[in-house]
Amino acid sequence: MAKVLRCGDLMPGCNFVAEGKDIAEHAKTAHGMTAIPPEIAKKVEAAIKDT
Ligand SMILES: [Zn+2]
2 MAKVLRCGDL MPGCNFVAEG KDIAEHAKTA HGMTAIPPEI AKKVEAAIKD T
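For the working numbering, count along the sequence shown from 1 and bump the result up by 1.
Shown next as structure tokens:
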């Protein structure tokens with residue numbers, strides 16, 4: 002069972018779909034988030050879906 006995140010749920014216009022730890026890597030490389038603020042982390046958790 003994989004955790005997936007549709008980045009576009011958080012970042013309109015981004016069509017990246019991340020799995021597991023790729024989420025943090027994508028946020029860092031694509032969106033310049035070296036650290037994820039707590040309020041964003043909550044949104045990320047809410048947006049992550051089990052497949
Ligand atoms: Zn993205």
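Virtual Cβ for every residue (Gly too), placed ideally from N, Cα, C.
query: Residue from Ala25, Lys22, His32 whose Cα sits closest to the Cα of Cys15; result: His32
query: Cβ-heavy atom distance, Met12 to ligand 1, below 6 Å; result: yes
query: CA nearest to the CA of Gly9, picked from Lys22, Ala3, Ala28, Gly21; result: Ala28
query: Closer than 6 Å: Leu31 CB and nearest ligand 1 heavy atom; result: One detail in the question is off: residue 31 reads as Ala in this sequence, not Leu. Yes; taking the cut-off as 6 Å, the Cβ of Ala31 has a heavy atom of ligand 1 nearer than that.
query: Alpha-carbon to alpha-carbon, Phe17 and Thr52; result: 16 Å
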